[in-house]
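Beneath this line is the structure, given in structure tokens, with notes to follow.
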Amino acid sequence: MIADTVPQVRESHVATQQIRVLLVDDHELVRRGLQSILDRNPEIAVVGEAASMQSGIAEALRLRPDVVVMDLRLPDGSGVEACRQIRVDNPDARVLILTSHADEDALFAAVLAGASGYVLKDLDPAGIQNGILTVGRGGSLLDPQMATRVLERMRRGSAQHPADDAFAALSPQEDRILEMIGDGMTNRQIADRLSLSEKTVKNYVSELYAKLNVERRAQAASLATERRLRKRQ
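At position 207 of the sequence shown (counting the first as 1) the number is 207 in my numbering, and the numbers step up by one without a gap.
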């Protein structure tokens with residue numbers, strides 16, 4: 001995995017009707033490949049790139065691209081979290097999740113977070129170009145098979161998140177700590193806020209990980225964010 005570096009910026013001096021794109025992926029080879037594909041299309045201009053969730057959010061705010069092509073899994077968080085924040089900062093931005101993982105729950109969370117599209121990386125070059133043009137022009141794009149499953153799930157009235165039962169199993173203190181994790185707080189910060197020792201907070205965190213069936217902090221934060229978004233619906 002590459003270390004996150006100062007984001008590279010490319011300026012386009014072509015017609016203003018071009019769709020301006022920001023690439024966010026922690027693998028440089030993926031970014032280079034996408035750049036090569038997109039450079040073939042005169043209607044698309046890659047204006048910047050980033051290798052982490054936080055730098056992607058910062059670059060999206062600075063560059064104000066039309067479309068952010070976002071990996072689902074990033075070293076410091078998820079594309080779903082980044083999508084939510086980018087849409088808060090700039091409601092006009094369109095986010096296209098481009099991932100290797102055909103995950104129905106991730107697709108559902110991405111749609112709730114405001115993503116305009118969710119497609120797999122095995123899409124051919126023309127498909128990727130067309131997807132960006134579709135999203136950049138105000139349309140939406142979902143992998144057909146995955147979209148069908150999610151729509152059917154909604155029709156059945158079963159759009160409940162699979163972690164909902166686990167949320168119900170959390171104690172009030174664990175629930176508060178999960179919300180703070182969703183806000184990006186560290187164990188030390190949570191301990192100070194709740195007047196607890198850091199070791200006690202770590203014990204609570206381990207317990208809520210087990211109840212939510214997650215292994216990493218980013219996963220717990222993503223669940224907290226998704227739950228918060230669904231409460232606003």
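We treat Cβ as the ideally placed atom computed from N, Cα and C, and that holds for glycine.
Distance, residue j Cα to residue i Cα
i: Arg31; j: Gln173; result: 41 Å
i: Asp192; j: Glu49; result: 36 Å
i: Leu72; j: Thr200; result: 32 Å
i: Pro65; j: Glu43; result: 14 Å
i: Leu178; j: Ala58; result: 25 Å
i: Gln54; j: Val80; result: 12 Å
i: Arg137; j: Ala210; result: 43 Å
i: Gln189; j: Thr134; result: 43 Å
i: Thr16; j: Val46; result: Here the model assigns Thr16 a pLDDT of 48, short of 50, so the residue's position is not dependable, and the following value carries that caveat. Rounded to the nearest angstrom, the two C-alpha atoms are 13 Å apart.
i: Leu29; j: Ala115; result: 24 Å
i: Asp92; j: Ala60; result: 11 Å
i: Val205; j: Thr99; result: 28 Å
i: Ala169; j: Gln18; result: 50 Å
i: Arg228; j: Gln219; result: 14 Å
i: Val68; j: Lys121; result: 15 Å
i: Glu207; j: Asp124; result: 43 Å
i: Asp175; j: Ile97; result: 29 Å
i: Val14; j: Leu212; result: Because the pLDDT of Val14 is 41, which lies under 50, any placement of that residue in the model is unreliable, and the number read from its coordinates should be weighed accordingly. So the alpha carbons of these two residues sit roughly 49 Å apart.
i: Asp26; j: Glu215; result: 20 Å
i: Val24; j: Val111; result: 18 Å
i: Leu142; j: Ala51; result: 24 Å
i: Leu22; j: Phe108; result: 23 Å
Closer than 8 Å to chain D by CB, residue i
i: Asn187; result: Protein chains in the displayed structure number just one, and chain D is not present.
Residue i, DSSP secondary structure in three states
i: Val30; result: helix
i: Glu49; result: strand
i: Leu194; result: helix
i: Ser100; result: coil
i: Leu72; result: coil
i: Ala159; result: Here Ala159 scores only 47 on pLDDT, less than 50, and its place in the model should not be relied on; the value that follows carries that caveat. Residue state, collapsed to three classes: coil.
i: Val201; result: helix
i: Val67; result: strand
i: Arg94; result: strand
Where the beta strand (DSSP E) containing residue i begins and where it ends
i: Val119; result: Gly117 to Leu120
i: Arg20; result: Ile19 to Val24
Unbroken alpha helix (DSSP H) run spanning residue i, endpoints
i: Met180; result: Pro172 to Gly182
i: Thr134; result: Pro125 to Gly136
i: Val80; result: Gly79 to Asp89
Status (buried if at least 16 other CB within 10 Å, exposed otherwise) for residue i
i: Gly139; result: exposed
i: Asn187; result: buried
Near the ligand MN: residue i beta-carbon under 7 Å from a heavy atom
i: Ser100; result: Absence of the ligand MN is noted for the structure shown, with no ligands found whatsoever.
The stretch 113 to 129 contacting the stretch 35 to 54, beta-carbon criterion three pairs below 8 Å:
yes
Are at least three pairs of beta-carbons, each pair with one atom in the stretch 188 to 196 and one in the stretch 75 to 95, less than 8 Å apart?
no
Okay, do the stretch 178 to 186 and the stretch 221 to 229 touch, 3+ Cβ pairs below 8 Å being the bar?
yes
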